Amino acid sequence: MATAAVNQMTDKSEKLKALEAARLQIEKQYGAGSLMKLGTKADTAGFDVVPSGSILLDEALGIGGYPRGRIIEMYGPESSGKTTLALHAIAEAQKLGGIAAFIDAEHALDPQYAKSLGVNIDDLWVSQPDTGEQALEIAEDLIRSGAVDIIVIDSVAALTPQAEIEGDMGDSHMGLQARLMSQALRKLTAIIGKSNAILVFINQIRMKIGVMFGNPETTTGGNALKFYSSVRLEIRRIESIEGKGDEEAMGNRVRVKVVKNKVAPPFRKVELDIYFGKGVSAAASLLDSAVKHGLIEKRGAWYSAGEDKIGQGKENAVQFLETNKDYAANIEKKLRAELFPGQALKMKDGAAKGDAGKVDVKSDAVKPAAQKTDARPAVDAKKSDGGKTGAKPAANEEELF
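For the sequence shown, the numbering used here begins at 2 and goes up steadily by one.
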């Protein structure tokens with residue numbers, strides 16, 4: 002019996018050694034985080050991130066924010082907060098000294114709303130492309146420049162192929178957009194990793210026809226984006242935030258689910274308060290996270306941190322944190338030190354040093370950057386056929402759905 006137990010322990014030990022060797026080989030071949038235990042705490046020291054604007058969402062993402070050099074997809078129903086979360090990411094990147102670009106394919110960006118969320122609209126580069134090809138070519142050129150830290154494309158559904166624009170109403174264009182996205186993502190994935198930029202795609206949902214069982218919802222643009230995204234966030238409105246008395250609703254409470262995560266364990270959910278005209282309440286997220294991790298104690302209706310009473314009721318406690326920014330910053334610092342040890346919030350080396358050169362991702366050679374003359378929206382880099390750009394995608398070799 003004893004010999005059998007020793008042999009069993011030896012076999013298990015050998016299996017673990019073999020598994021660890023396989024894991025190291027997999028990570029060497031496919032990258033860090035390709036294989037992990039679901040309950041393992043993510044290694045936050047290995048990722049350079051941009052915060053989301055909510056510490057609750059940063060915790061759900063597992064590494065303290067959106068990972069650099071990766072593709073992020075945000076999708077959900079209308080008015081669920083997708084663009085709001087993307088604008089918060091832009092604001093956080095700008096706070097770190099980064100450069101942001103917004104490709105407004107929907108032609109629906111509200112500059113004043115973006116400003117109210119903390120976006121520096123004077124330094125935000127904006128493009129409103131005519132076609133889907135043009136939008137993706139502009140994104141590619143910005144990424145290859147090596148100077149942009151985050152690019153938001155709003156939205157995939159509005160990336161209309163040039164052939165569809167030139168055609169007549171009612172013409173069938175089966176799979177054109179899916180082929181366009183598949184071709185573009187194959188080109189963009191590698192250069193995003195080299196440039197250390199974040200590419201955020203905002204997407205809409207559609208209903209599958211004839212689905213009797215399971216979820217009939219799907220996202221636009223085919224399946225390619227689902228595979229190439231390192232993080233996919235599903236954003237849904239769950240209830241309204243009512244005002245006092247007879248006041249109208251002040252905002253929405255939304256649930257964000259991390260449906261895919263290549264850099265940390267997925268399937269985490271978080272609920273955020275989004276107020277009309279103000280965006281995500283960072284103070285409310287901070288309060289919920291601090292209570293969850295014991296930095297703030299809730300006794301009955303009172304919130305307190307040690308001997309300091311913060312407020313009676315959540316609304317008063319949130320107001321206290323919004324008013325006392327230094328106090329809130331100290332709590333957030335302690336939380337981040339506990340949740341994300343070794344978190345990297347640094348900028349890229351070139352941006353941190355004020356390097357004016359741009360990196361050619363193809364050759365990794367440094368070229369002198371063209372002098373920036375103004376902060377007007379990015380203009381078309383290539384024009385043909387009356388301002389419409391981009392070659393039509395080939396009809397073969399592309400996956401349609």
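No residue lacks a Cβ here, since even glycine has one placed at the ideal position from N, Cα and C.
Computed from a predicted structure; not experimentally measured.
| Item | Value |
| --- | --- |
| Burial state of N253 (16 or more Cβ within 10 Å) | buried |
| Expected contact under 8 angstroms - CB spacing of F321 and I311 to nearest Å | 5 angstroms |
| Distance between A61 and K116 (C-alpha atoms, nearest Å) | 26 angstroms |
| Span of the alpha helix (DSSP H) around A140 | G133 to S146 |
| Continuous beta strand (DSSP E) assignments of at least 3 residues falling wholly in the stretch 155-204 | 199-204 |
| Per-residue burial, P130 [other beta carbons within 10 Å of its own, 16 or more giving buried] | buried |
| Span separating the alpha-carbon of I72 from that of I151 | 10 angstroms |
| Buried versus exposed, by CB contacts within 10 Å (16 or more), R145 | buried |
| For L322, the three-state DSSP class (helix, strand or coil) | helix |
| With 16 other Cβ atoms within 10 Å as the buried cut-off, status of E167 | exposed |
| Buried versus exposed call for Q184 [16 or more other C-beta atoms within 10 Å across all chains shown] | buried |
| E15 classed as buried or exposed, judged by whether at least 16 other C-beta atoms fall within 10 angstroms | exposed |
| Same chain only: Cβ atoms within 7 angstroms of H108, ignoring 5 sequence neighbours per side | Q129 |
| Candidates M170, S173, Y67 and T132, of which the one nearest D155 by Cα | T132 |
| Opening and closing residue of the alpha helix (DSSP H) in which S1 lies | Limits of the chain in this structure are 2 at one end and 402 at the other, which puts residue 1 out of reach. |
| Cα-Cα separation, R180 to L20 | 38 angstroms |
| Through-space distance from G40 to L118, alpha-carbon basis | 34 angstroms |
| Straight-line Cα distance separating H89 from A33 | 27 angstroms |
| Of the residues G314, K299, Y276 and F202, the one placed nearest E308, counting alpha carbons only | K299 |
| I91 (DSSP reduced to helix, strand or coil) | helix |
| Under the three-state DSSP convention, the category A396 falls into | Because the pLDDT at A396 is just 41, under 50, the model does not fix this residue reliably, and the value given afterwards should be weighed accordingly. A396 falls in the coil class under three-state DSSP. |
| A329 versus V281 - alpha carbon distance | 16 angstroms |
| Exposure of F228, with buried meaning 16 or more beta-carbon neighbours within 10 Å | exposed |
| Residues that DSSP places opposite Y304 in a beta bridge | K299 and G312 |
| E138 versus I122, D124 and L160, residue with shortest Cα-Cα distance | L160 |
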